[in-house]
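J.: Here the protein sequences line up with chains A and B, keeping their order. Under the numbering used here, the first residue of the first sequence carries the number 1, and numbering increases by one thereafter. Under the numbering used here, the first residue of the second sequence carries the number 1001, and numbering increases by one thereafter. This is the structure I want to talk about, given as structure tokens.
Number of protein chains: 2
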Amino acid sequence: MTGRKASLSPREAKRVRTRQRLTEAALRLMSERGINGTSVSEIATEAELANGTFYLYFKDKSEIVAAVCQAVTLAMHNEMDSRRLSLEEGSARVAFGTQQFIEIAAAEPTWGRLLMSAFTEFEAIKDDISRYMRLDVALGVEQGCFTESVDEFVIDTLLAILRAGIEARLGGAKAEVGARAAEYHLRVLGMSAADAHRVRLATDKVVESQASR
Amino acid sequence: MTGRKASLSPREAKRVRTRQRLTEAALRLMSERGINGTSVSEIATEAELANGTFYLYFKDKSEIVAAVCQAVTLAMHNEMDSRRLSLEEGSARVAFGTQQFIEIAAAEPTWGRLLMSAFTEFEAIKDDISRYMRLDVALGVEQGCFTESVDEFVIDTLLAILRAGIEARLGGAKAEVGARAAEYHLRVLGMSAADAHRVRLATDKVVESQASR
DNA sequence: TCTCATAATGGGGCATCTCTCATTTTAGAG
DNA sequence: CTCTAAAATGAGAGATGCCCCATTATGAGA
């Protein structure tokens, strides 16, 4: 499924490679200087291409922004998926997902910083990020773990907490903030502080098994 | 204390008036188009002044941004103060303050929208906004209402929820989101959903007495 | 009424950014 | 090796924005 390269003509292969050079350059720069703080010509230069070449691969700047953000959220979700689905309770999935997401953003700061920039400069990214969250929350509600029902405002609140967690972590805060953000999620969803703590603790062994992979 | 005008020479009075015209124009435009989306020449034009006049009153753009943000946060705090201080419990103050703040932002959307823009384009505003919040939270911790201790991350989380509340409200959500944001604050601080609800309900009569002023 | 410090003007220098296009370079196909 | 389509180039048009400054207008006080 991954090895499509064989079926590409040399011409197509080159096109794909150049496009990827641009996307990777854009990710590097945008995560450092922010999305709006990065110009098209900087991206081209970083990719060792001329200014105009950019426009043979992307209609305009917004198109590469969307591509980069999508690539990053996809990469982050891939980094999580398998482990989360082994948990049966919605509450555990929420706690685990939140903590994982923050930890991945911290371990891969290029991704994390891009997310931070995208939160303010490419709002559409929220939909991608919240996609997995909605399912876990809905599951928890269905199972009766949470008293809060799922609506836009609850999701926005959880996203806001997630964002604060990533930001703190990138700013040098200890890994503990990931765990706290996870418990805050559960509390907002209606669980008591004690229950939230217990559920989150239970996910820790899964987290540790990942750390030692 | 307000009537300082009498002691101003005509020249000084004119200077003050012109400066205020600029600040008000800036507030109008920035709340509509965002801080970064508003240019100095647009501000000058809106204030019916020439481009260069701006620089007789502000060193640069960032100076008027700071002035406008400070003016708005001050105005909002003034709109709240008296009522909040009549509450004795930290938890009640937090709930009341949060709900009030969101309601004021919704009632005065020019202020609210400026805040939204400032959250992303003038980060220093967070310090001003959180100043009152820190005191209320600290009081609640001291009284044992909250299990969570006060640190930067908790404050950032509360700010993030506040922001989500204002944004939702400005986006047309019902007043209910203010109350929910208030309860989320209490839950994050460690109160059970039931206690949070009770405390927040108790503040409602104060809120209503204000609505009918 | 006249003077001159202060207020206001607005054109433009300089920097930056997006996107275009006429031209050159590259490399696969025959 | 040659031909040619695709890839890449990079100068620059067109916009916009910040800020400066030489110049003009105003109005308070003598």
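Where a beta carbon is used, it is the ideal one built from N, C-alpha and C, also for glycine.
1) Can you pull the chain A residues whose beta carbon is under 8 Å from the beta carbon of residue 1190/B, in chain order?
2) For residue 40/A and residue 8/A, I'd like the C-alpha separation in whole angstroms.
3) Since residue 113/A and residue 97/A should fall inside the 8 Å C-beta cutoff, what is the C-beta to C-beta distance between them, to a whole number of angstroms?
4) Within 8 Å (strictly less), CB to CB, does residue 1055/B reach chain A?
5) Taking the alpha carbon of residue 1161/B as the reference point, which residue from 1082/B, 1188/B, 1056/B has its own alpha carbon closest?
6) Does any C-beta atom of chain A lie closer than 8 Å to the C-beta of residue 1173/B?
7) Are any of the Cβ atoms in chain B nearer than 8 Å to that of residue 177/A?
8) Against residue 1122/B, what residues of chain A qualify as contacts under a CB-to-CB distance less than 9 Å, listed in chain order?
9) Look up residue 1195/B in the DSSP assignment and say whether it is helix, strand or coil.
10) Are the beta-carbon atoms of residue 1095/B and residue 1177/B separated by less than 8 Å?
11) With C-beta atoms as the reference, is residue 158/A less than 8 Å away from residue 191/A?
12) Tell me which same chain residues have a C-beta within less than 8 Å of the C-beta of residue 167/A, skipping the five on either side of it?
13) Quick one: is residue 1131/B near chain A, going by C-beta distance under 8 Å?
14) Check distances from the C-beta atoms of the segment 63-75 of chain A to those of chain B and list, in chain order, the residues that come in under 7 Å.
15) Measuring alpha carbon to alpha carbon, tell me which of 123/A, 92/A, 126/A, 106/A ends up nearest residue 201/A.
16) Pick helix, strand or coil for residue 1003/B, following the three-state DSSP scheme.
17) What residue range does the alpha helix (DSSP H) around residue 36/A cover?
18) Give the interface partners of residue 180/A over in chain B, defined as CB-CB distance under 7 Å, in chain order.
T.: Put simply:
1) Translated into the one-based positions of the second sequence, residue 1190/B becomes position 190. The answer, in chain order, is 187, 193.
2) For the purposes of this step, residue 40/A is taken as residue 40 along the first sequence, with counting starting at 1. For the purposes of this step, residue 8/A is taken as residue 8 along the first sequence, with counting starting at 1. So the two alpha carbons sit approximately 28 Å from each other.
3) The residue labelled residue 113/A in the question sits at position 113 within the first sequence. The residue labelled residue 97/A in the question sits at position 97 within the first sequence. That belief does not hold up - the Cβ atoms of residue 113/A and residue 97/A are roughly 20 Å apart, past 8 Å.
4) Sequence index remark: in the second sequence, residue 1055/B carries index 55 (1-based). It does not: the Cβ of residue 1055/B has no partner Cβ on chain A nearer than 8 Å.
5) As a working mapping, residue 1161/B is identified with position 161 in the second sequence. Of the listed residues, the one whose Cα sits closest to residue 1161/B is 1188/B.
6) Mapped onto the second sequence, residue 1173/B falls at position 173. Judged by the 8 Å Cβ criterion, residue 1173/B is in contact with chain A.
7) Along the first sequence, read from residue 1 onward, the residue named residue 177/A stands at position 177. Yes - at least one Cβ of chain B is within 8 Å of the one on residue 177/A.
8) Here residue 1122/B refers to the residue found at position 122 when the second sequence is read from its first residue. Neighbours of residue 1122/B across chain A, judged by C-beta separation under 9 Å, do not exist; the nearest C-beta is about 12 Å away.
9) The residue given as residue 1195/B occupies position 195 in the second sequence. In this structure, residue 1195/B counts as helix in the three-state DSSP scheme.
10) Counted from its first residue, the second sequence places residue 1095/B at position 95. Counted from its first residue, the second sequence places residue 1177/B at position 177. Note that the C-beta distance between residue 1095/B and residue 1177/B is not below 8 Å.
11) As a working note, residue 158/A is residue 158 in the first sequence. As a working note, residue 191/A is residue 191 in the first sequence. Not in contact: residue 158/A and residue 191/A (Cβ atoms no closer than 8 Å).
12) One-based indexing of the first sequence puts residue 167/A at position 167. Contacts found: 116.
13) Looking up residue 1131/B in the second sequence gives position 131. So, not an interface residue.
14) Look at the segment 63-75 of chain A: it has no residue with a C-beta under 7 Å from a C-beta of chain B.
15) The residue given as residue 201/A occupies position 201 in the first sequence. Each of 123/A, 92/A, 126/A, 106/A was checked against the Cα of residue 201/A, and the nearest Cα belongs to 92/A.
16) Taking the second sequence and counting its residues from 1, one reaches residue 1003/B at position 3. At residue 1003/B, the pLDDT of 39 sits below 50, so the modelled position is not reliable and the matter cannot be decided from this model.
17) Taking the first sequence and counting its residues from 1, the one referred to as residue 36/A is at position 36. First-last for residue 36/A: undefined, no H or E at that position.
18) Counting from one through the first sequence, the residue named residue 180/A turns up at place 180. Here the neighbours are 1153.
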